[in-house]
Amino acid sequence: MPADRPHDVSSLTAAQLERAKRDLQISLALAFPGSPVRVSIQAEMTAIDTELAKRGAADDVPVLLPMVAGGPRAQRIAIRPRPG
């Protein structure tokens with residue numbers, strides 16, 4: 000998708016936006032410097048950041064703590080901030 004085209008991410012949930020942003024950060028890290036794909040990746044990341052800011056999602060996204068020791072049965076614990 001060309002960078003000058005609008006990126007509509009409004010239908011995604013906050014969790015989906017965060018996942019997409021992480022995936023895009025990885026893609027950006029792997030893209031060669033000066034590659035044209037970097038422009039599209041950065042445009043999509045900007046659209047995601049804008050949508051998250053619009054929603055105030057920083058307060059609504061759960062914080063994942065590192066896996067607790069215990070091998071493959073260990074679980075991640077999600078903590079949601081208290082509204083306030």
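One point on numbering: in numbering that gives the first Met the number 0, the residue at position 44 of the sequence shown is 43, and numbering is uninterrupted. Beta carbons are placed, not taken as given, at the ideal position from N, Cα and C, and that holds for glycine.
- Separation of the CB atoms of I47 and A19 is rounded to 6 Å, and the pair is thereby assigned contact status at 8 Å.
- In this structure, the beta-carbon distance from E43 to L23 falls below 9 Å.
- Shown here, S34 sits in coil according to DSSP, grouped into three states, outside any helix or strand.
- Assignment of L29 by DSSP, reduced to helix, strand and coil, places it in the helix class.
- Buried is the label assigned to I40, since at least 16 other Cβ atoms lie within 10 Å of its Cβ.
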